[in-house]
Amino acid sequence: MKLLLILAFLSAAVASYGQYVPTPHMAVSVAFGDDETPWKLQFMDGNAAKIIAEFTPPGQSIQNWKEMVAQEITFTKGSLAGHLKTWRSMVTKADPKILMEETKAKDGSITVIYRSTAFNEVSIRRFIKARDGVYALAYHMRLNQEKPERMDTWKAIIAKATLIPNPQRK
Numbered sequence: 610m611k612l613l614l615i616l617a618f619l620s621a622a623v624a625s626y627g628q629y630v631p632t633p634h635m636a637v638s639v640a641f642g643d644d645e646t647p648w649k650l651q652f653m654d655g656n657a658a659k660i661i662a663e664f665t666p667p668g669q670s671i672q673n674w675k676e677m678v679a680q681e682i683t684f685t686k687g688s689l690a691g692h693l694k695t696w697r698s699m700v701t702k703a704d705p706k707i708l709m710e711e712t713k714a715k716d717g718s719i720t721v722i723y724r725s726t727a728f729n730e731v732s733i734r735r736f737i738k739a740r741d742g743v744y745a746l747a748y749h750m751r752l753n754q755e756k757p758e759r760m761d762t763w764k765a766i767i768a769k770a771t772l773i774p775n776p777q778r779k
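Residue numbers (this note's numbering): 610 to 779.
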């Protein structure tokens, strides 16, 4: 099984742009190999508050994606519940008709599946609390591209993603 450690190297890459980016304590281990679609890093950015990386299949971009995987770290000492409350408030303000379903896992992480006509997407997003912040891994699909088998594949990939110590952190 091919695993990709997301953000283990991104803080150093983003920091090369000249802004301060903390080195995350953890890295997200994602089984991209469980999906036959190849994924290409399209965008990454970060600052002292947050790091984000976005991936699409080849031939798609951040401007014209049909499917996207995103990984985000919000550096915070706050709780997962507080982070989720702020996130829910933000997305419901942007789309008051958004449909959300939340599931809490045994490890304390929370997965949110949402459907938004305003965002034109269905998404699976898992939030995991670590010592230095909240790590989120998400799969997004445009509503007109929705396929149950793709959603099932990504539900499984996101469910088994884990945090591991960041190998870039000394």
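Beta carbons: idealized from backbone N, C-alpha and C, even for Gly.
Check                                                                                                : Outcome
Cβ neighbour criterion (16 or more within 10 Å) applied to T695                                      : exposed
Backbone CA spacing between A727 and K702 [nearest angstrom]                                         : 11 Å
Spatial distance of G642 from K686 (CA atoms)                                                        : 33 Å
I773 to S670 span [Cα, whole Å]                                                                      : 29 Å
D761: first and last residue of the uninterrupted alpha helix (DSSP H) it sits in                    : 757-769
Cβ neighbours of Y744 in the same chain (closer than 7 Å, five flanking residues each side left out) : M635, V637, I682, I737, L772
Length at least 3, wholly inside the stretch 668-744: the beta strand (DSSP E) runs in chain order   : 676-684, 708-713, 719-725, 730-739
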